[in-house]
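*Asks:* Under numbering that gives the first Met the number 0, the first residue of the sequence shown is numbered 0, with each subsequent residue one higher.
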Amino acid sequence: MLSYSEAGRTRLLMLPAAEVTAARAAVERYRAERARLDEAGEAGRAALVARLTAAPTGPRPHLSRP
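1) For Y3, which residues does DSSP report across the bridge?
2) My understanding is that L11 touches S2, with C-beta atoms under 8 Å, so please give their C-beta distance in whole angstroms.
3) Note down the Cα distance separating M50 from A42, rounded to an integer number of angstroms.
4) Return the chain-ordered list of same chain residues with a C-beta closer than 7 Å to the C-beta of A22, the five sequence neighbours on each side being excluded.
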């Protein structure tokens, strides 16, 4: 049995026995790639936060009020 989400709904598909091994391998490849993308996204977010929260390197511009 393969369950997947489509348009916000869970779908179920009965797999023939001959397809189970290939489907399982495909799901594992998907999960591994998803984990790699999640890690890359988190690293990018952490780098952005570090860059934005770093101490200023020079004088801050002053905004003049009219």
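For glycine and all other residues, C-beta sits at the position ideal for the given N, C-alpha and C.
Keep in mind it's a predicted model, so treat the numbers as computed, not measured.
*Replies:* According to the data block:
1) Here the question's residue 3 lines up with position 4 in the sequence shown. Its beta-bridge partners are R10.
2) Within the sequence shown, numbered from 1, the residue matching residue 11 stands at position 12. Within the sequence shown, numbered from 1, the residue matching residue 2 stands at position 3. Cβ-Cβ separation between L11 and S2: approximately 5 Å, consistent with a contact (criterion under 8 Å).
3) Translated into the one-based positions of the sequence shown, residue 50 becomes position 51. Translated into the one-based positions of the sequence shown, residue 42 becomes position 43. Checking the sequence, you will find Arg at residue 50 rather than Met. Using only the alpha carbons, I get a separation of about 12 Å.
4) For this step, residue 22 is matched to residue 23 along the sequence shown. Apart from sequence neighbours up to five positions away, the residues of its chain that approach A22 with a beta-carbon distance below 7 Å are L1 and L14, ordered along the chain.
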